[in-house]
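Right, one structure below, let's go through it.
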Amino acid sequence: MSLTHRGLIAVLGFCFLVGCGLPDKGQLPTATYSQPIPTLTPKTCDDSPRFLNPDEAQKPQETDLDRYFRLAYKEEAEGNFETAIAYYQKAADLATCDCDKQHALAGKQAAQEAHNLVDRYGVESKPTQYFWGRLQELTQSLPCVQIQQ
Numbered sequence: 001m002s003l004t005h006r007g008l009i010a011v012l013g014f015c016f017l018v019g020c021g022l023p024d025k026g027q028l029p030t031a032t033y034s035q036p037i038p039t040l041t042p043k044t045c046d047d048s049p050r051f052l053n054p055d056e057a058q059k060p061q062e063t064d065l066d067r068y069f070r071l072a073y074k075e076e077a078e079g080n081f082e083t084a085i086a087y088y089q090k091a092a093d094l095a096t097c098d099c100d101k102q103h104a105l106a107g108k109q110a111a112q113e114a115h116n117l118v119d120r121y122g123v124e125s126k127p128t129q130y131f132w133g134r135l136q137e138l139t140q141s142l143p144c145v146q147i148q149q
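So the sequence shown is numbered by the UniProt record's numbering: it starts at 1 and just counts up by one.
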């Protein structure tokens with residue numbers, strides 16, 4: 001396919017115009033931003049800390065998230081690890097800040113590990129005791145949790 005004389009002149013003219021817009025040494029210009037790109041920071045928990053070992057009784061102002069943490073802990077204490085895992089997952093799904101989400105995922109992990117102990121070694125492995133120690137270990141650096149005395 002050959003270009004006509006007119007088409008060739010148009011292409012060469014376009015290339016010339018584009019080439020004239022380039023800085024010296026043929027370098028492409030870099031983009032500059034007038035405002036810095038904001039960095040995403042994790043949302044912090046502004047509420048008071050949640051207990052790792054909440055009371056079994058429902059509180060009058062209990063949120064859905066509080067309820068799932070409470071139910072998960074109750075189920076775990078009764079040795080119902082599969083149900084506790086499901087409740088901790090629901091808490092993780094509802095969490096609106098990173099610390100609550102990490103708390104829920106730590107509970108889920110500790111419950112899964114305790115469940116595996118029961119499957120492997122039976123109740124003689126003291127899975128509830130294991131769960132409690134593991135939950136404390138996994139959440140010790142989280143500022144949004146505390147142990148209720």
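Beta carbons are placed, not taken as given, at the ideal position from N, Cα and C, and that holds for glycine.
Subject >> Three-pair Cβ contact test at 8 Å for the segment 56-64 versus the segment 102-115 >> reply: The segment 56-64 vs the segment 102-115: no contact.
Original post:
Which residue or residues does DSSP assign as beta-bridge partners of Gln146?
Top reply: DSSP output for Gln146 lists Phe51 as bridge partner(s).
**OP:** Would you give the residue range spanned by the alpha helix (DSSP H) that residue 163 belongs to?
**Re:** The structure shown has nothing for residue 163, since the chain only spans 1 to 149.
Original post:
Which residue comes first and which comes last in the alpha helix (DSSP H) that contains Gly133?
Top reply: If you look at Gly133, you'll find it in the alpha helix (DSSP H) that goes 127-139.
Original post:
Taking the alpha helix (DSSP H) that Thr63 falls in, what are its first and last residues?
Top reply: From DSSP, Thr63 is part of no alpha helix (DSSP H); its letter is neither H nor E.
Original post:
Where does Glu56 sit, in a helix, a strand or coil, going by DSSP?
Top reply: In the three-state DSSP reduction, Glu56 falls in the coil class, being neither helix nor strand.
Original post:
Quick one, which of Pro49, Gln129, Glu82, Tyr88 has its alpha-carbon nearest Phe69's?
Top reply: Nearest of Pro49, Gln129, Glu82, Tyr88 to Phe69, Cα basis: Tyr88.
Subject >> Same chain, Cβ closer than 8 Å to Thr101, five either side skipped, listed in chain order >> reply: According to the sequence shown, residue 101 is Lys rather than Thr. Hits under 8 Å: Ala92, Ala95.
Subject >> Endpoints, alpha helix (DSSP H) assigned at Glu82 >> reply: If you look at Glu82, you'll find it in the alpha helix (DSSP H) that goes 81-94.
Subject >> Whole-Å CB distance - Thr128 paired with Leu52, under 8 Å assumed >> reply: In fact, because the Cβ distance is near 14 Å, the residues do not count as touching under 8 Å.
Original post:
Based on Cα-Cα distance, which residue from Arg50, Glu137, Ala111 lies nearest to Thr83?
Top reply: For the residues Arg50, Glu137, Ala111, the minimum Cα distance to Thr83 belongs to Ala111.
Original post:
Around the Cβ of Gln85, are there at least 16 other Cβ atoms within 10 angstroms (buried) or fewer (exposed)?
Top reply: It should be noted that the sequence gives Ile, not Gln, for residue 85. Here Ile85 is buried. Its C-beta has 16 or more other C-beta atoms within 10 Å.
Subject >> Own chain partners of Lys74 with C-beta closer than 6 Å, once the 5 adjacent residues on each side are dropped >> reply: Cβ neighbours of Lys74 within its own chain (closer than 6 Å, five residues either side excluded): Glu56.
**OP:** Could you check if Glu78 is buried or exposed, using at least 16 other CB atoms within 10 Å of its CB as the buried criterion?
**Re:** That one is exposed.
Original post:
Since Arg50 and Val145 are thought to touch, with beta carbons under 8 Å apart, how far apart are those beta carbons, to the nearest angstrom?
Top reply: Right, their Cβ atoms sit about 6 Å apart.
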